[in-house]
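Colleague: Residue numbers (full-length UniProt numbering): 1 to 479.
By construction, the Cβ of each residue, glycine as well, lies at the ideal position given by its N, Cα and C atoms.
Just passing along the structure, written as structure tokens.
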């Protein structure tokens, strides 16, 4: 197996036949010393011995060099370095409420996670820090009603830039840039706060906190998250405060998002998973877009694999899924940077494909306006889905149709619903299970697409001509 690009792995090549495995988000990074070489992203924390000697842990097999768990009080909690320019950005957790220590807070490590660390800030507050290839998540977990209602961070830079999203008309509070670069390297997202209440029919209480951003001095910003006292009083604990950082998407990365008919205006673009199917007259659907630019011939087989997992709504498994059907999408849509929160400009929801632009029918349901109808693939029969079980869906014709279309808008995945093929008119309360999306911290659970295709005659002939040895055969094709 060999990387082809940031999201794609070659499984085998035999003559004109190629088999590849595709992921939605990056799984490889360009080697820091030789950018033409792609290496696997490894986000398991290592003891800091190579780059960040002032820290206990580091992640260096990544687009960014990341140091965390400082050994000394005067160091920031988190440090990023761009290996290309050696520019550095740092983040301090300054304090909670009005009590802001001069040197900030140094969380106590209480255990390693598969892709990060688990910290205790005080007996009632934890921090889960997780690194994925395309995002860095810092989830603060508060176990009982706190005396405070605000959290203060300080963010600084050395060698690069920190510019407010407002400067570019963007919703993110801060964007980090290399010098003289027009695209941000990464973004600090506006946080979402949610509680532990709710069930499949009732959402958790969600709050979008006030953000106060102050430029303390050149290159240094104070970011304050202020939560409503009333919301804190009414919330079911624990509550979760999620100020996520996302990297600038690579050209080979795709999108995925969840849509939910019960919360028709909400975006779920950075959720770890969602529920697929129908329950009590409500529906959950998935949107997918994989990069197909390197698929250069007729697709003979394509299979989407999704894995049962949990979401912020709970962990739903053991139900009869009945069937899953892919539909090629006919318009663009926005993945979004929310989870359980109202979609903003350019983001998708059950109502919107790119807010304020709406789907012709909710949930991308418009026949031959939002999605092709009928599907180019038959429904894949699916029975009871058990915990952590993997489900494979035939998407061969859908992927080939996307490949040969003028534009790749991806596809919609729909469960057993009224109006769908094979629906028998006897809907029960649950034809639903939860599945992981690309933001799941467990890499093996994220959606993947396996494609087999045959190189077209003209491309194969060109490769043969370029690689001609003069002995009547082409060179071995090197990806």
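How would you call residue 11, buried or exposed, if buried means at least 16 neighbouring beta carbons within 10 angstroms?
Modeller: Flag for residue 11 reads exposed.
Colleague: Find out if the Cβ-Cβ distance for the pair residue 130, residue 225 is shorter than 8 angstroms.
Modeller: The answer is no: Cβ separation not under 8 angstroms.
Colleague: When you compare each of 390, 269, 325 and 158 to residue 218 by their alpha carbons, which one comes out closest?
Modeller: Closest option to residue 218, Cα to Cα, is 158.
Colleague: Since residue 313 is in the alpha helix (DSSP H), which residue starts that stretch and which ends it?
Modeller: Residue 313 -> no alpha helix (DSSP H), and no H or E assigned at all.
Colleague: Of the choices 318, 359, 320 and 314, whose alpha-carbon is the least far from that of residue 332?
Modeller: Closest by alpha carbon: 359.
Colleague: For the beta strand (DSSP E) containing residue 559, name the first residue and the last one.
Modeller: Past the edges of the chain, shown from 1 to 479, lies residue 559, and the structure says nothing about it.
Colleague: Taking the straight line between their C-alpha atoms, what separation do you get for residue 269 and residue 35?
Modeller: For residue 269 and residue 35, the distance between alpha carbons rounds to 30 angstroms.
Colleague: Between which two residues does the beta strand (DSSP E) harbouring residue 370 extend?
Modeller: Unbroken run through residue 370: none, as it is neither H nor E.
Colleague: If you compare alpha carbons, which of 139, 449 and 453 is closest to residue 7?
Modeller: Out of 139, 449 and 453, 449 has the C-alpha closest to the C-alpha of residue 7.
Colleague: Taking the alpha-carbon of residue 491 as reference, which of 143, 286, 170 and 204 has the nearest alpha-carbon?
Modeller: The first residue shown for the chain is 1 and the last is 479, placing residue 491 beyond what the model contains.
Colleague: Which word fits residue 230, buried or exposed, when buried means at least 16 other C-beta atoms lie within 10 angstroms of its C-beta?
Modeller: With fewer than 16 other Cβ atoms within 10 Å, it is exposed.
Colleague: Between the C-alpha atoms of residue 179 and residue 214, what's the straight-line distance to the nearest angstrom?
Modeller: Going by the C-alpha atoms only, they are around 22 angstroms apart.
Colleague: Cutting at 7 angstroms between CB atoms, please list the residues of its own chain near residue 86, excluding the five before and the five after it.
Modeller: Cβ within range, chain order: 159.
Colleague: Just the Cα atoms here: how many angstroms apart are residue 48 and residue 42?
Modeller: Roughly 14 angstroms separates the two Cα atoms.
Colleague: Might you give, ordered along the chain, the residues of its own chain that have their beta carbon closer than 6 angstroms to the beta carbon of residue 421, omitting 5 neighbours on each side?
Modeller: Taken in chain order, the residues that qualify are 379.
Colleague: Considering just the uninterrupted stretch of the alpha helix (DSSP H) at residue 234, what are its terminal residues?
Modeller: That run of the alpha helix (DSSP H) goes 229-234.
Colleague: Going by other Cβ atoms of all chains shown within 10 Å of its Cβ, with 16 needed for buried, is residue 377 buried or exposed?
Modeller: Classification of residue 377: buried, given that the 10 Å Cβ count is 16 or more.
Colleague: Spatial neighbours of residue 479 within its chain, please: CB distance less than 7 angstroms, with the 5 preceding and 5 following residues excluded, ordered by chain position.
Modeller: Its pLDDT being 29, under 50, residue 479 is placed unreliably in this model, and the value from its coordinates should be taken loosely. Excluding residues within five positions, the ones whose Cβ falls inside 7 angstroms are 2, 4 and 10.
Colleague: In terms of residue numbering, what span does the beta strand (DSSP E) encompassing residue 176 cover?
Modeller: Per DSSP, residue 176 belongs to the beta strand (DSSP E) from 174-177.
Colleague: Runs of 3 residues minimum, wholly inside the region 48-130: which ones carry the beta strand (DSSP E) assignment?
Modeller: The qualifying runs are 55-59, 65-70, 78-81, 88-96, 108-113 and 116-122.
Colleague: Leaving aside the five residues before and after residue 312 along the sequence, list all residues of the same chain whose C-beta is less than 7 angstroms from its C-beta, in chain order.
Modeller: Counting only Cβ-Cβ distances below 7 angstroms, and skipping sequence neighbours, we find 194, 204, 271, 339 and 340.
Colleague: Can you tell me whether residue 405 is buried or exposed? The criterion is at least 16 other CB atoms within 10 Å of its CB, across all chains shown.
Modeller: Flag for residue 405 reads exposed.
Colleague: Taking all protein chains shown into account, decide if residue 242 is buried (16 or more other Cβ within 10 angstroms of its Cβ) or exposed.
Modeller: When all chains shown are included, residue 242 counts as buried.
Colleague: What is the rounded straight-line gap between the Cα of residue 307 and the Cα of residue 198?
Modeller: Taking the straight line joining both Cα atoms gives about 23 angstroms.
Colleague: Whose C-beta lies closer than 6 angstroms to the C-beta of residue 222 among residues of the same chain, with five residues either side of it excluded?
Modeller: Contacts found: 154, 214 and 216.
Colleague: If you reduce the DSSP assignment to three classes, tell me which class residue 294 lands in.
Modeller: Residue state, collapsed to three classes: coil.
Colleague: Using only alpha-carbon positions, find the residue among 74, 90 and 66 that is nearest to residue 83.
Modeller: Of the candidates 74, 90 and 66, the one whose C-alpha sits nearest the C-alpha of residue 83 is 66.
Colleague: Please report how far the alpha carbon of residue 266 lies from the alpha carbon of residue 342, in whole angstroms.
Modeller: Their backbone Cα atoms lie some 4 angstroms apart in a straight line.
Colleague: Please report the Cβ distance between residue 25 and residue 134, rounded to the nearest whole angstrom; I am assuming they are in contact, meaning their Cβ atoms lie under 8 angstroms.
Modeller: So it is a contact: roughly 4 angstroms between Cβ atoms.
Colleague: Considering Cα atoms alone, identify which of 451, 362, 432 and 387 is closest to residue 403.
Modeller: Closest option to residue 403, Cα to Cα, is 451.
Colleague: On the DSSP bridge assignment, give the partners of residue 150 in chain order.
Modeller: Bridge partners of residue 150: 226.
Colleague: According to DSSP, is residue 43 helix, strand or coil?
Modeller: Three-state result, residue 43: coil.
Colleague: What are the boundary residues of the beta strand (DSSP E) that includes residue 436?
Modeller: Unbroken beta strand (DSSP E) run through residue 436: 430-436.
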